[in-house]
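In terms of our numbering, the sequence shown has 443 at position 391, counting the first letter as 1, and numbering is strictly consecutive. Glycine included, every Cβ here is placed at the ideal spot set by N, Cα and C.
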Amino acid sequence: MKKDKIIKQQLRLQDLLISISTKYINADLSNIDKLVTKSLKKVGEFVAADRSYIFSYEFVNNTTSNTYEWCAKGIDAEIDNLQNIPVDYITQWLDAHKNGKAFYVEDVSLLPNDGEFGLRAIIEPQGIKSLMTIPMIKNNVLIGFIGFDSVNETHKYSESEKNILFVFANMLVNVIQRKENEELLKAQEQKKEELLKDLSLQNEELNEYAHVVSHDLKAPLINIHTIVNWFIDDNKDALGESFFNPLNEVLFNVERMSFLIKGILDYSTIDRLESDERQIDLNIIIQEVLKTILVPATIKITVQENLPSLHGNAWRFRQVFQNLIQNAVKYSDKEEGTIEIGVIEKKEHFEFFVKDNGIGIHSDYFEKIFKVFTKLESISSSSGIGLSIVKKIVTYYKGSIWLESKEGLGTTFYFTLPKE
């Protein structure tokens with residue numbers, strides 16, 4: 053009969069722990085304090101305790117503090133009185149906890165009188181007659197304990213009750229660890245968000261600076277170019293041709309700097325455009341681009357018919373095709389040069405290509421050429437920013453860009469733009 057009673061009590065306590073565990077698993081951990089206190093109440097009432105609580109150990113300061121507490125009706129709360137207690141006062145149960153064992157006092161009145169700061173002197177003023185404390189261990193490190201006080205009368209805990217209270221302690225550790233992990237993730241996400249905002253602001257400021265500086269530099273360059281040309285025109289009859297070689301070199305470098313400034317201005321403009329996004333007919337865009345490019349008679353450009361219309365900004369799309377076509381024209385070295393422009397429709401995006409039969413590019417440069425100011429040669433006045441502009445715009449529209457090339461045979465640039 054007594055055995056059946058014990059078994060029934062064990063089953064009831066197991067059901068209680070399963071119920072608490074389920075709530076912990078499904079709970080919103082922003083309400084962790086309320087959840088823990090409620091579970092302390094349920095377990096405390098079940099084992100007929102008058103007070104149940106959680107303490108944390110702070111071994112840096114060698115103290116322990118009461119963090120959660122439940123008290124039965126008529127029992128005084130002690131949580132405010134039990135903060136930063138030196139662990140030297142509770143060496144007995146600290147030793148037990150360090151060994152992973154419970155510390156149990158069935159009758160406090162039987163403890164020895166061991167002085168003003170002894171265990172009995174700490175426990176008795178709280179009206180405690182019996183107590184049980186269970187260590188809380190996280191990743192093999194002692195972090196605290198849960199405790200159960202009997203105030204109205206002494207209480208004898210069975211071995212099965214002790215074992216199940218250990219399970220409860222582990223559940224508390226798990227839920228505390230889960231909350232710590234969520235708070236860590238939240239802090240990391242917040243830090244990431246702040247970093248992205250900071251980077252965005254820095255990028256915006258950098259673009260603003262580049263835009264202003266490059267814009268302001270254009271006027272003096274135009275003046276230099278104009279004055280040098282005037283001087284050459286006014287003196288070409290009086291001075292020999294060799295005299296003008298240095299001046300022509302000046303004009304070449306002024307032109308080179310002008311292209312560079314325009315490239316920087318275009319690059320910094322990509323993110324600055326107002327949201328003039330609309331449906332753009334790429335057939336019209338490419339025809340407009342071809343009218344602005346000087347194409348030698350030795351090069352034939354073929355454009356696929358019925359190119360798609362895409363939602364976006366006309367200036368950005370124009371920059372993409374203009375830079376890729378200019379690049380193909382510039383590096384054409386055949387007597388009969390060819391440039392093909394077309395598109396392949398995929399499920400979620402369009403894959404565009406600009407193909408030429410020019411000098412080709414060594415594979416070592418496949419990634420480098422998309423970096424700002426990178427050029428395959430340094431004898432021309434180009435800026436070395438064109439392909440960087442293309443990549444920045446394609447990336448802006450969540451697309452990707454790559455190339456296939458063989459030296460002496462030609463190059464094909466591919467890039468994707470999403471349908472939506």
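Are the CB atoms of residue i and residue j nearer to each other than 7 Å?
i: V225; j: I127; result: no
i: V406; j: F465; result: yes
i: G410; j: Q356; result: no
i: I180; j: V160; result: yes
i: T119; j: S104; result: no
i: Q378; j: I337; result: no
i: I445; j: R330; result: no
i: T468; j: H401; result: yes
i: F220; j: H149; result: no
i: F418; j: L439; result: no
i: D102; j: A129; result: no
i: F296; j: I284; result: yes
i: I195; j: F218; result: no
i: R172; j: L163; result: yes
i: F169; j: Y141; result: yes
i: N113; j: V139; result: no
i: I332; j: A366; result: yes
Roughly how many angstroms lie between the CA atoms of residue i and residue j, to the nearest whole one?
i: I353; j: L303; result: 31 Å
i: E213; j: L248; result: 52 Å
i: T116; j: E245; result: 36 Å
i: A154; j: D250; result: 51 Å
i: I216; j: L146; result: 20 Å
i: S433; j: Y383; result: Caution applies to S433, whose pLDDT of 46 falls short of 50 and renders its modelled position unreliable; the model cannot decide the point.
i: W122; j: K208; result: 20 Å
i: H277; j: N300; result: 10 Å
i: Y156; j: G96; result: 15 Å
i: V88; j: M188; result: 14 Å
i: E459; j: Q229; result: 59 Å
i: I431; j: Q374; result: Note that I431 scores 46 on pLDDT, short of 50, meaning its location in the model is unreliable; the coordinates nonetheless yield the value given after this. Spanning the two alpha carbons is a distance of roughly 21 Å.
i: V347; j: E387; result: 13 Å
i: K398; j: N358; result: 15 Å
i: M184; j: D166; result: 20 Å
i: N275; j: N305; result: 14 Å
i: S415; j: N191; result: 51 Å
i: L455; j: K238; result: 40 Å
i: P470; j: F404; result: 11 Å
Our contact map puts residue i next to residue j with C-beta atoms below 8 Å; I'd like the distance itself, whole angstroms only.
i: L461; j: G412; result: 5 Å
i: D408; j: T463; result: 6 Å
i: K231; j: I84; result: 5 Å
i: V442; j: V341; result: With a Cβ gap of about 13 Å, V442 and V341 do not count as contacting.
i: T206; j: S182; result: 5 Å
i: I391; j: I351; result: 6 Å
Taking the DSSP output, what are the residues bridged to residue i?
i: I84; result: Per DSSP, none; premise fails for I84.
i: P138; result: T115
i: T390; result: K352
i: Y120; result: I106
i: E397; result: F402
i: L455; result: F465
So is residue i in contact with chain B if we call contact Cβ pairs under 7 Å?
i: W367; result: Protein chain content of the structure displayed is limited to a single chain, and chain B is not contained in it.
Query raised in the report: What beta strand (DSSP E) runs, 3 residues minimum, are completely inside the region 324-351?
Result: The region 324-351 contains these whole beta strand (DSSP E) runs: 330-333.
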